[in-house]
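J.: Take any residue in the sequence shown, note its place counting from 1, add 6, and you have its number in my numbering.
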Amino acid sequence: MIKNTTKKIFELIKKRKILFIALFFIIGGVFFGSRSLASKNAPSYDVAPVQKQDLSLTISASGKVKSEEEVTLKFQTSGSLSWVGVKKGDRVTKWQAIASLDRRELEKKLKQELLDYMNERWDHEQIMLDDYRDIALTETIRRVKEKSQFDLDRVVLDVEIADIALKYSTLISPIDGLVIDIDTPHPGTNITPTTGQFYLANPDKMYFSANVDEADIGLIKENQLATLILDAYPEEEITSYVQDVEFTSTVTSGGGTAYAVKFALPNSTEEEKFKLGMNGDVEIFIEKRENVLAIPFEAVQENENGKYVFLKTENGFEQKEIKVGFSNDIYTQILEGLSEDDEIAISGFKELERKLGKSER
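Here is the structure:
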């Protein structure tokens, strides 16, 4: 009897001990779990150091390589192409003849006009020499002489037109340059003023042209430094500068308004390195500040009292008023309020506002 009673007591103690241990682990799990969850839900803030660096404001644009001297030559009259003195890729000099129409018909036309002129001139001189004494015929004679003068003037114009047509039968290059393309390069072909065109450009006077949006054009000035990167030479940065800003605007493919800006290209030791139509991008340096204290642009906050940041301290963060200077939408110059190597928040601003507002109350 006593043995059974003792056994029951030990079993009861054992069960309570197990229950106590289980309860201990449950309470401990809830406690540590809640602390872990609280730790996970605690707000975290990205920070950035206050550092000295060079700041620059730039404007970017895309464009193409062009030549200052580009011409399209074409004949003023129709005819048979009798001679072509150049081919695509040839170099030409200023005032060099490059092609000609068949001149035989034009030369005959000029001779015919000259003969008509001589005949009309003879008749005119004869009329002017005639002396009519009859007063009644004076008015009639005056009109006859006027008509003779008109006819003479007409044939003089015909001679001049025929002479111009003969001269225009030969195409002359007005520039030193390169033959870029020829519509009809084969002699014996009948052409019109809209066909048989010759395209020339001067490869020694190349430049880069880019369209700058009207919102930025007011910042562009002549001689501002720029950096070019052409698609043909992606690893090469070309130092350039603004040569000229067009006075008239152009409409972009997207329907916006832009202005063409001209950039100088360096003289290259490689022959014809820069070719017409090469695409590229340009970065124009508007303003630059060297070795200034700066922070990320997004760190700067503003209220009715001015600009401020959230400065990291030993106990968390504090709101710190600052004075700023130059900004390029990436970094902002600090004039007052911060020191080098200070750390400031660059995220979680609303939570910091709320947290600091509560602590002040």
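Cβ coordinates follow ideal geometry from the N, Cα and C atoms, glycine included.
Alpha carbon to alpha carbon, how far is F204 from Y239?
T.: Computed Cα separation, rounded: 29 Å.
J.: Within 8 Å: the Cβ of T258 and any heavy atom of the ligand COA?
T.: Ligands displayed in this structure: none; no statement on the ligand COA is therefore possible.
J.: Output yes or no for whether 9 Å exceeds the beta carbon distance between S66 and V248.
T.: No, these two residues do not count as a Cβ contact at 9 Å.
J.: Please say whether P180 and G100 have beta carbons closer to each other than 9 Å?
T.: Contrary to the premise, residue 100 reads as Lys rather than Gly in this sequence. Yes, the pair counts as a contact, with Cβ atoms nearer than the cut-off.
J.: If we ignore side chains and look at the alpha-carbon of each, how far apart do A171 and L120 end up?
T.: In a straight line, the C-alpha of A171 is about 14 Å away from that of L120.
J.: Which ranges would you report for the beta strand (DSSP E) in the region 221-303 if only whole runs of at least 3 residues count?
T.: Within the region 221-303, the complete beta strand (DSSP E) runs of at least 3 residues are 231-236, 244-257, 263-270, 285-302.
J.: Smallest Cα separation from G283: which of N217, E126, N208, K70?
T.: Of the candidates N217, E126, N208, K70, the one whose C-alpha sits nearest the C-alpha of G283 is K70.
J.: Roughly how many angstroms lie between the CA atoms of L231 and E242, to the nearest whole one?
T.: Computed Cα separation, rounded: 16 Å.
J.: May I ask you to list the residues that DSSP assigns as paired with W128?
T.: Its beta-bridge partners do not exist; DSSP assigns none.
J.: Nearest-angstrom Cα distance between T201 and D169?
T.: Taking the straight line joining both Cα atoms gives about 22 Å.
J.: Out of E349, F253, G331, which one is the CA nearest neighbour of Q325?
T.: The option with the nearest alpha carbon to Q325 is E349.
J.: Comparing alpha-carbon positions, which option in Y123, F291, E357 lies nearest N334?
T.: Nearest of Y123, F291, E357 to N334, Cα basis: F291.
J.: Would you call F156 buried or exposed, if buried means 16 or more other Cβ atoms sit within 10 Å of its Cβ?
T.: Looking at its Cβ environment, which holds fewer than 16 other Cβ atoms inside 10 Å, F156 is exposed.
J.: Short of 7 Å in beta carbon distance, which residues of its chain neighbour K329, apart from the five on each side in sequence? Order them along the chain.
T.: Excluding residues within five positions, the ones whose Cβ falls inside 7 Å are L341, E342, G343.
J.: Just tell me which of T319, T338, S345, N285 has its CA closest to the CA of L362.
T.: Selected option, being the one with the closest Cα: T319.
J.: Any idea what DSSP makes of L177, helix, strand or coil?
T.: Residue state, collapsed to three classes: strand.
J.: Below 9 Å between beta carbons: does that hold for L206 and E76?
T.: Their beta carbons are under 9 Å apart, which means L206 touches E76 by this criterion.
J.: Starting from the C-beta of E111, find all residues in its chain whose C-beta is less than 8 Å away, skip the five residues before and the five after it, and write them out in chain order.
T.: Once the five neighbours on either side are set aside, the close Cβ partners of E111 are G85.
J.: In angstroms, rounded to a whole number, what distance separates the CA positions of L317 and Q57?
T.: Taking the straight line joining both Cα atoms gives about 14 Å.
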